[in-house]
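Enquirer: Reading the sequence shown from the start, the letters are residues 0 to 225 in numbering that gives the first Met the number 0. For each residue, glycine too, the CB sits at the ideal point set by N, CA and C. Please find one structure pasted underneath; my questions will follow.
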Amino acid sequence: MFNTYLDKNLNVLPKNKQADVKNIREQNRFVSFSDRPNTSHIPIDSFLLSQGVKDCITWRGIALGKSVYDFALIPMIIWENRPATILEIGSGEGASAIWMADICKSYNLSTYYATHVYSMDIDPPDIPYNGVTFLRGNSEEIHSIFDVETLPHPWLIIEDAHVNVNGVMEYFTNHMQRNDYMIIEDSRGVKGSTLQVPSNLLVDTYYCDYFGRNATSAVNTILRKE
0 MFNTYLDKNL NVLPKNKQAD VKNIREQNRF VSFSDRPNTS HIPIDSFLLS
50 QGVKDCITWR GIALGKSVYD FALIPMIIWE NRPATILEIG SGEGASAIWM
100 ADICKSYNLS TYYATHVYSM DIDPPDIPYN GVTFLRGNSE EIHSIFDVET
150 LPHPWLIIED AHVNVNGVME YFTNHMQRND YMIIEDSRGV KGSTLQVPSN
200 LLVDTYYCDY FGRNATSAVN TILRKE
């Protein structure tokens, strides 16, 4: 079933780390947020370096602001779940929305599912790009930004503004359908301890623990609606 460098070199790890690998491989895929440990296999220094040391990871020359872990995980999540709508809260410089639109185009999702990315920010970038709509808005008024009644499912929602996060989760949960995804980024540490994750959003351990326990910026917060 497994065929990775880890399998070939598992004996290099100390016994407790080998046990961690075994536990990750045997755990249930979807579990309650409250049942998850808030620890990570990625040391904080390695995590902080994972966006780049000299410069931030870029896409089409624009700062992307993703860790190398999430840079690998999000394309896999998009491929598996084939969202028709991607909603991004926090546009930054716009690279993330453009990157996800490019991923969808490369997977032919734009053709077969008409996948579209909507990215909101209080000061959105002015970058015309096919497959992306940048919207001006405030997370404190999240209910007035997106036309949630007409946007086709499945959804992938990515919260990266870090404002009114619990309110954003509550709002979207009321409009999500089963198997829609929501990712809350940068939930390591204090921010994660303040989250009030609705009980019908389950942690997808497959992705959260893909590179080791919570080896992602979304610690316990790659979530699927039940």
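Around the C-beta of Val167, are 16 or more other C-beta atoms found within 10 angstroms, so that it is buried, or is it exposed?
Expert: buried
Enquirer: Please go through the region 59 to 108 and give each complete alpha helix (DSSP H) segment of 4 or more residues, from N-terminal end onward.
Expert: 67 to 80, 94 to 105
Enquirer: Would you mind reading off the limits of the beta strand (DSSP E) that contains Thr193?
Expert: Premise fails: Thr193 is in no beta strand (DSSP E) and is neither H nor E.
Enquirer: Taking the alpha-carbon positions, what's the Gly91 to Asn213 distance?
Expert: Rounded to the nearest angstrom, the two C-alpha atoms are 24 angstroms apart.
Enquirer: Ile43: buried (16+ other C-beta within 10 angstroms of its C-beta) or exposed?
Expert: exposed
Enquirer: Considering only C-alpha positions, which residue in the set Pro124, Ala160, Leu222 is nearest to Ser138?
Expert: Nearest C-alpha to Ser138: Ala160.
Enquirer: Determine the DSSP secondary structure at Gly166, reduced to helix, strand or coil.
Expert: Looking at Gly166 - three-state DSSP - the assignment turns out to be helix.
Enquirer: Have a look at the DSSP bridge pairing and note the partners of Asp203.
Expert: Answer by DSSP bridge pairing, in chain order: Phe29.
Enquirer: Report yes if the C-beta distance between Val202 and Asn178 is below 8 angstroms; otherwise report no.
Expert: Not a contact, by the Cβ cut-off of 8 angstroms.
Enquirer: Is it buried or exposed, Phe29, if we count other Cβ atoms within 10 angstroms and call 16 or more buried?
Expert: exposed
Enquirer: So, is Gly188 buried or exposed, given that buried needs 16 or more other C-beta atoms within 10 angstroms?
Expert: exposed
Enquirer: Does Tyr117 pass the burial test, meaning 16 or more other C-beta atoms within 10 Å, or should it be called exposed?
Expert: buried
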